[in-house]
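Here our numbering is used: position 11 in the sequence shown is 1, and no number is missing along the way. Each residue gets a CB set at the ideal place from its N, CA and C atoms; glycine is no exception. No experiment lies behind these values; they were computed from the predicted model shown.
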Amino acid sequence: MEKCSAQRLTKLQNKESKENTQSSSSSASSSSSQSPTAAQQNEQSSTQATQTSTTKSQDEINRERGYDPNGASLLPGQDHAAGSKPDGTPDAWVQGQIDWSKQNGYLNSDGTETDKGRLADQEVEQNEQDW
């Protein structure tokens, strides 16, 4: 279905391009400002190339932009962010910290903070302010 839509769009653009060429050639003697500029032609061909290219996954787009699947910045020369595996899951050390927090009542099993966890964060923030 996507291929069909791309073909229809290409045909429509070709038709419009022919109409523009015909109208600009007939009015070229009266006004040269109606003919498409080089920038407009480049933009049009760029749009066509984008529309006919294959669809990329969000993971591929994130990597091209320098982010892992969770949106964290990639380490220079690496394919993953600090504390995570390339697929975006926590690495062993980070997972150990999460598990410890759950076992000791700082996090719920779904990863949300408990009252004990919020109080611990407040205490740390207060201590940092006192420095």
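Helix, strand or coil: which one does DSSP assign to residue i?
{"i": "Ser63", "result": "strand"}
{"i": "Ser47", "result": "coil"}
{"i": "Ser99", "result": "coil"}
Cβ of residue i within 6 Å of any heavy atom in the ligand GDP?
{"i": "Gly61", "result": "With respect to the ligand GDP, the structure offers nothing, as it holds no ligand at all."}
Assuming residue i is part of the alpha helix (DSSP H), what are its boundary residues?
{"i": "Ala82", "result": "Ala82 to Gln93"}
{"i": "Gly107", "result": "Asp105 to Asp120"}
If we ignore side chains and look at the alpha-carbon of each, how far apart do residue i and residue j end up?
{"i": "Ser47", "j": "Pro59", "result": "10 Å"}
{"i": "Thr79", "j": "Gln119", "result": "33 Å"}
{"i": "Ser15", "j": "Ala71", "result": "Because the pLDDT at Ser15 is just 49, under 50, the model does not fix this residue reliably, and the point stays unresolved."}
{"i": "Lys92", "j": "Asp77", "result": "23 Å"}
{"i": "Trp83", "j": "Gly73", "result": "7 Å"}
{"i": "Asn52", "j": "Leu97", "result": "29 Å"}
{"i": "Asp111", "j": "Gln68", "result": "31 Å"}
{"i": "Lys106", "j": "Gly61", "result": "28 Å"}
{"i": "Arg55", "j": "Glu115", "result": "33 Å"}
{"i": "Thr102", "j": "Gly86", "result": "16 Å"}
{"i": "Asp100", "j": "Ile88", "result": "11 Å"}
{"i": "Gly95", "j": "Trp121", "result": "28 Å"}
{"i": "Leu65", "j": "Glu50", "result": "16 Å"}
{"i": "Trp90", "j": "Lys75", "result": "19 Å"}
{"i": "Tyr125", "j": "Asn117", "result": "A question about residue 125 goes unanswered here, because the residues of the chain that appear run from -9 up to 121."}
{"i": "Thr45", "j": "Leu109", "result": "46 Å"}
{"i": "Asp81", "j": "Ser63", "result": "15 Å"}
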